[in-house]
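Novice: Sequence order for the protein chains is L and B. When you line the first sequence up against the working numbering, it's residues 774 to 1161, in that order. When you line the second sequence up against the working numbering, it's residues 774 to 1161, in that order. Below is one structure. I have some questions about it.
2 protein chains.
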Amino acid sequence: MKAELPISPDCVGPVIPKVAHFTAPLQLRSSAILPDYRLVYETYGELNAARSNAVLVCHALNASHHVAGWYADDPKDLGWWDNMVGPGKPLDTDRFFVIGINNIGGCHGSTGPSSIDPATGRPYGASFPVVTVEDWVAAQVRLADLLGIDRFCAVMGGSLGAMQALQWTIDQPKRVAHAIVIAGAPKLSTQNIAFNEVARQAIISDPDFHAGDYYAHGTVPRRGLRIARMIGHITYLSDDAMMERFGRVLRADDFRFHFDVDFEVESYLRYQGEKFAEYFDANTYLRITRALDYFDPAMKHGGNLTRAFQAAEASFLVVSFTSDWRFSPARSREIVKALLDNKRNVTYAEIDAPHGHDAFLLDDAHYHELVRAYFLRLAADISHGRTA
Amino acid sequence: MKAELPISPDCVGPVIPKVAHFTAPLQLRSSAILPDYRLVYETYGELNAARSNAVLVCHALNASHHVAGWYADDPKDLGWWDNMVGPGKPLDTDRFFVIGINNIGGCHGSTGPSSIDPATGRPYGASFPVVTVEDWVAAQVRLADLLGIDRFCAVMGGSLGAMQALQWTIDQPKRVAHAIVIAGAPKLSTQNIAFNEVARQAIISDPDFHAGDYYAHGTVPRRGLRIARMIGHITYLSDDAMMERFGRVLRADDFRFHFDVDFEVESYLRYQGEKFAEYFDANTYLRITRALDYFDPAMKHGGNLTRAFQAAEASFLVVSFTSDWRFSPARSREIVKALLDNKRNVTYAEIDAPHGHDAFLLDDAHYHELVRAYFLRLAADISHGRTA
Chain L
774 MKAELPISPD CVGPVIPKVA HFTAPLQLRS SAILPDYRLV YETYGELNAA
824 RSNAVLVCHA LNASHHVAGW YADDPKDLGW WDNMVGPGKP LDTDRFFVIG
874 INNIGGCHGS TGPSSIDPAT GRPYGASFPV VTVEDWVAAQ VRLADLLGID
924 RFCAVMGGSL GAMQALQWTI DQPKRVAHAI VIAGAPKLST QNIAFNEVAR
974 QAIISDPDFH AGDYYAHGTV PRRGLRIARM IGHITYLSDD AMMERFGRVL
1024 RADDFRFHFD VDFEVESYLR YQGEKFAEYF DANTYLRITR ALDYFDPAMK
1074 HGGNLTRAFQ AAEASFLVVS FTSDWRFSPA RSREIVKALL DNKRNVTYAE
1124 IDAPHGHDAF LLDDAHYHEL VRAYFLRLAA DISHGRTA
Chain B
774 MKAELPISPD CVGPVIPKVA HFTAPLQLRS SAILPDYRLV YETYGELNAA
824 RSNAVLVCHA LNASHHVAGW YADDPKDLGW WDNMVGPGKP LDTDRFFVIG
874 INNIGGCHGS TGPSSIDPAT GRPYGASFPV VTVEDWVAAQ VRLADLLGID
924 RFCAVMGGSL GAMQALQWTI DQPKRVAHAI VIAGAPKLST QNIAFNEVAR
974 QAIISDPDFH AGDYYAHGTV PRRGLRIARM IGHITYLSDD AMMERFGRVL
1024 RADDFRFHFD VDFEVESYLR YQGEKFAEYF DANTYLRITR ALDYFDPAMK
1074 HGGNLTRAFQ AAEASFLVVS FTSDWRFSPA RSREIVKALL DNKRNVTYAE
1124 IDAPHGHDAF LLDDAHYHEL VRAYFLRLAA DISHGRTA
C-alpha cells in the first residue's frame, strides 16, 4: 500500500459505507430464517439514466464491501480491489456504477454472528445460521431491488466471489448480463475442503472459542484464527512465489536451533496470522469456509454441471491463473465446458502468472488489460443501448 | 492392516526391539552436548560372515525402529515398512541383515524430550536440544560400530529417511556402498517450511503445551498435535488421491448446516489427528520438523549441491513419485543432477503413482519391483564378494 495512492487521480478517493436494512425475513437454504438483516455496501461511480451500467463486486473469504477508495478517517485503509476499480482502471468508475457489498454472516458491518440478535439482545454467536452462496445471492438481490437495479451489467468476483457471480447466473438469469468469474471453481476439491476443515478445527479447539459464544466470555480465539490464516496464506500462494519471495532466507546468519523465527517465511506467516486475529471474527470464518465447502451447483443435478447452468442466460468472462493450485485452471475449464455445453457466450483466459491464487488480487498487466478490454466492450454496448 | 498378515510366510514374524546405550557424550550440530543416549533398534535377517549385507533403514517423521514384523504382545502392530522388508520382499531378509532404528529426539524409546534427564531426574522437555539429520547420522554411526558393521551395503529411507541416507554418503563416504533415496529432497522448499511452521505453531500455542514442559503439568497438547497431523496428512496425499478416496461424499444424505463432520474427509482427518495425539510426543514433533527445515547439505558450500556431494563415494538409487507435491520429482532430479556432476553411479526412477508423497509407503508394483531388482543386484555382488 503506497502512501501516495489515495490521492492518485485513478483512485475513487474518499468513500463512505452505506447501510441497508431489510425487515422482511430471509429464508436460508438451511431452512433457518433470518428475521431481518443489514447489509453494508459502498458504491463508486454513477448509475446511468437507463440503470444499465451497474456492476456488483462480490468478495472472497476475508474481504468486504470496501472494494475501492479510502476512508477519510483512515486514508491508509485502501479498498481490497483498488487496483481494479477506479477512474480509468479496468473496471472504470467513470463508466460503471460499482457496488461493493459485505455478505451476511460477515464481520464488517453486515448482519453476522457478532451482531446483536434482536430476540435476545446479545450477539448471535453460535446461533447465527450457516449461510450459503445461494443465501448471499438472495440477500444481494434485495439490495439490487432497493437500488432500483433490475439487471446488473455484470456481477464479478474472484475465488469465492467468482462462485457468487456463477450463482447469480443460475438463480437470477434475467438479472445479470455478464458474469466475470476469476480464479473460481465449480465446487471445492477434497483437498480444498480438507484445508478448510483443519482451519475450522484450529478455531473450534481453541479454548477461547467457547463453542462460538466467546463474545459473552470476553475472549477471542486468536490462536485458532492465527493458525487458520497461516494455512490460508500457504494455499493462496504458489510454491514458486513463496520461494521467490522468501526462499530459505534466515533472520540471523545461521540456524539458531530453537522454535522461534529462523526463516523469513515464518516471520511472515506469524505476522499475517496476528494481524488477521486482530480484526476477523472466528464465527464468520467458520461460516465462510462452510459456504465454500457447500457450493456445488451441480449437486442437485446429479453432479451434472452442464445441467446446473441450463437456466443461465448471461455471457461469461472466465479467468484462471497458471500457478493457482488452490483453484487451478482445470477447475475453470470445467466451468467453461459446462457453459459451452449450454451454448453460452464465454471468453476464457488462462493467465500465465507466478503468484498462485492470490494473482486475482494483483495487477498483472495481461490480466488487467483483459478485464479492461472486456469492460470496454460492455461500455460500448451500454452507450449504444445494447444490454448483451 | 490385515489380520492374516502377521502369519504370512513373507513376514519376518515376531520381533523384539533392542536397546543400545552409549555413554560417550555426543556433540550436536547446535553445539549442545548429549551426555549419553539410548537407541532403540530392531534387526531382521542375519549378518553374513563378511559383515557385508547390512542395510540401515532410516525413518521419516512419525515412524520408528519398528520397520517390519510384529510384537508378540500386539500382533496387529505391524512394522511401518513391512510391505518392503521381509523374506522374499523387495528388501529380502533372507539375503540382507536389516536394521531399523529410532532416532534421538524421538518418542519411541530412543533418548528424546520425554526421556529422563539424568542431571535433573525429570523429563528433558523443552531442554532437550534441537537435533539435525547430521546428528542422527552421527548417533547411528555408533550403533554401526557396536554391531561391528564397518560399511553398510545400503542405507535406505523415504522422505526424511531419504535425507539421512544422503547425509550418510556425505559424512561417512567409506561406510556406505549404496544409498536408496526415496521421495526425498535436497532441502525443504519455502512452502514445506511454511507447513512445518504452522504445525509447530499449532502445538506451541496449545495452552497444554506449557512451553514444552507439559510432562510436569500432566497435560498433553492434543489440540496442537491433532492440527499438526491433519496438516501433515493433506500434504502427504495428492489432490487426486484424496478426491479418489473421499470425493465430496457426505456422512448424511445432505448438508447438515453445522461445523461437525459433514464430509467423509473431515471424519478421516479428525480420526488421524486423534490417533496421532494419543501416541506422539509434541516435543519430538517440533524437533523432527526442525530437522527437516535445517537439512540443507549445500548450505555450507554456498548453495552448491554438487559440491555438497563431492566427498560421496556411494552408488545411488533415487526414486520419486509423479503425484508427490510435497517432494516432487523435480526435487529428486536436483539430487540426481548433483550426483551425476560428481560422476556417481545413479539409477533414477520416476514412478507414475497417484498417491502423492505417501506412495513411498505403499506397495505400488513398479516401485517395489524396482527396489527388488536393485537389491537383487546387490545380493549378487555380495555373493561374489564384490562390495560395489
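Idealized CB from N, CA, C, for every residue including glycine. In this text, all values refer to a predicted model and were calculated from it rather than measured experimentally.
Compare the beta carbon distance of residue 1250(B) and residue 989(B) with 8 angstroms and say whether it is the shorter of the two.
Specialist: This structure gives no information on residue 1250(B), because the portion of chain B shown stretches from 774 to 1161.
Novice: Can you pull the chain B residues whose beta carbon is under 8 angstroms from the beta carbon of residue 857(L), in chain order?
Specialist: Neighbours of residue 857(L) on chain B: none; closest Cβ ~27 angstroms, over 8 angstroms.
Novice: Determine, using beta carbons only, whether residue 775(L) comes closer than 8 angstroms to chain B.
Specialist: The pLDDT assigned to residue 775(L) is 43, lower than 50, so where the model puts this residue is not dependable; a value taken from the coordinates is nonetheless given after this. Output row for residue 775(L): interface = no.
Novice: Which one of 856(B), 965(B), 895(B), 1096(B) has the shortest CA to CA distance from residue 991(B)?
Specialist: Minimum Cα distance to residue 991(B) is reached at 895(B).
Novice: Could you give the first and the last residue of the continuous beta strand (DSSP E) run that contains residue 810(B)?
Specialist: Residue 810(B) -> beta strand (DSSP E) spans 810-817.
Novice: Quick one: which chain L residues come within Cβ less than 7 angstroms of residue 1020(B)?
Specialist: Within 7 angstroms Cβ-Cβ: 963.
Novice: Provide the residue span of the alpha helix (DSSP H) that contains residue 1120(L), from first to last.
Specialist: Per DSSP, residue 1120(L) belongs to no alpha helix (DSSP H); it is in the beta strand (DSSP E), 1119-1124.
Novice: Under the three-state reduction of DSSP, which class applies to residue 901(L): helix, strand or coil?
Specialist: DSSP places residue 901(L) in coil when its eight states are reduced to three.
Novice: Look at the Cβ atom of residue 834(L), then the Cβ atom of residue 961(L), and state whether they are nearer than 8 angstroms.
Specialist: No, Cβ-Cβ distance for residue 834(L) and residue 961(L) is not below 8 angstroms.
Novice: Who are the Cβ neighbours of residue 861(B) in its own chain at under 6 angstroms, not counting the five residues just before and after it?
Specialist: Correct list, in chain order: 783.
Novice: Per DSSP, residue 1134(B) is paired with what?
Specialist: Answer is none; residue 1134(B) lacks a bridge partner.
Novice: Exposed or buried, what is residue 1025(L) when buried is set at 16 or more other beta-carbons lying within 10 Å of its beta-carbon?
Specialist: Classification for residue 1025(L): exposed.
Novice: Helix, strand or coil for residue 922(L)? Go by DSSP, reduced to three states.
Specialist: Residue state, collapsed to three classes: coil.
Novice: Taking 8 angstroms as the CB-CB cut-off, is residue 813(B) touching chain L?
Specialist: For residue 813(B), the answer is no, since every Cβ of chain L falls outside 8 angstroms of its Cβ.
Novice: Residues bridged to residue 783(B) by DSSP?
Specialist: Beta-bridge pairing links residue 783(B) to no other residue.
Novice: Straight-line CA distance for residue 885(B) to residue 1066(L)?
Specialist: One C-alpha to the other measures close to 41 angstroms.
Novice: Taking only runs that begin and end inside the segment 1007-1054 of chain L, name each unbroken alpha helix (DSSP H) of 4 or more residues, in chain order.
Specialist: As far as the segment 1007-1054 of chain L is concerned, its whole alpha helix (DSSP H) runs of at least 4 residues are 1012-1019, 1037-1052.
Novice: Short of 8 angstroms in beta carbon distance, which residues of its chain neighbour residue 774(B), apart from the five on each side in sequence? Order them along the chain.
Specialist: At residue 774(B), the pLDDT of 42 sits below 50, so the modelled position is not reliable; the number obtained from the coordinates is stated separately. Closer than 8 angstroms at Cβ, skipping near neighbours: 849, 851.
Novice: Please report the distance separating the alpha-carbon of residue 931(L) from that of residue 1093(L).
Specialist: About 10 angstroms.
Novice: Residue range of the alpha helix (DSSP H) that residue 972(L) falls in?
Specialist: Residues 963-977.
Novice: Taking the beta strand (DSSP E) that residue 1105(B) falls in, what are its first and last residues?
Specialist: Looking at the DSSP string, residue 1105(B) is not in any beta strand (DSSP E); the run it does join, the alpha helix (DSSP H), is 1102-1114.
Novice: Can you give me, in chain order, the residues of the segment 972-996 of chain B that have a beta carbon less than 7 angstroms from any beta carbon in chain L?
Specialist: So the list reads 973, 974, 975, 977, 978, 980, 996, given in the order they occur along the chain.
Novice: So residue 956(B) and residue 1133(B) are in contact, right, with Cβ under 8 angstroms, and what is the actual spacing, rounded?
Specialist: Right, the Cβ-Cβ distance comes to about 4 angstroms (below 8 angstroms), so this counts as a contact.
Novice: At least one CB of chain L closer than 8 angstroms to the CB of residue 1139(B): is that the case?
Specialist: Chain L, which has no Cβ nearer than 8 angstroms to the Cβ of residue 1139(B), makes this no.
Novice: Mapping the DSSP letters down to three states, classify residue 1242(B) as helix, strand or coil.
Specialist: Examination of residue 1242(B) is not possible in this model, given that chain B is present from 774 through 1161 alone.
Novice: Between the C-alpha atoms of residue 777(L) and residue 1052(B), what's the straight-line distance to the nearest angstrom?
Specialist: Because residue 777(L) carries a pLDDT of 49, less than 50, the predicted location of this residue cannot be relied on, and the following value inherits that uncertainty. Using only the alpha carbons, I get a separation of about 55 angstroms.
Novice: Using the C-alpha atoms, what's the distance from residue 1064(B) back to residue 1114(B)?
Specialist: So the two alpha carbons sit approximately 26 angstroms from each other.
Novice: Note down, in chain order, each residue of its chain lying with its Cβ closer than 8 angstroms to the Cβ of residue 891(L), except the 5 sequence neighbours on either side.
Specialist: 808, 809.
Novice: Quick check: what's the CA-CA separation for residue 1043(L) versus residue 1037(B)?
Specialist: Each residue's Cα considered, the two are about 31 angstroms apart.
Novice: Say whether chain L places a C-beta atom closer than 8 angstroms to the C-beta of residue 1031(B).
Specialist: Chain L contact via Cβ: present.
Novice: So, at 7 angstroms on beta carbons, what are the nonlocal neighbours of residue 800(B) in its own chain, with the 5 sequence-adjacent residues on each side left out?
Specialist: These residues qualify, in order along the chain: 806.
Novice: Going along chain L, which residues have a C-beta under 8 angstroms from residue 1004(B)?
Specialist: Those are 971, 1004, listed as they occur along chain L.
Novice: Would you say residue 1073(L) reaches chain B, if we count a Cβ-Cβ gap shorter than 8 angstroms as a contact?
Specialist: By this cut-off, residue 1073(L) is not an interface position.
Novice: Spatial neighbours of residue 779(L) within its chain, please: CB distance less than 6 angstroms, with the 5 preceding and 5 following residues excluded, ordered by chain position.
Specialist: With a pLDDT of 47 at residue 779(L), under the threshold of 50, the modelled position of this residue cannot be trusted; read the value that follows with caution. So the qualifying residues of the chain are 843, 848.
Novice: Of the residues 1138(L), 880(L), 1118(L), which one's Cα is nearest the Cα of residue 1085(L)?
Specialist: Residue 1118(L) is the option with its Cα nearest to residue 1085(L).
Novice: I'd like the list of long-range same chain contacts for residue 802(L), defined as Cβ closer than 7 angstroms, with 5 residues on each side in sequence excluded.
Specialist: Cβ within range, chain order: 905, 907, 908.
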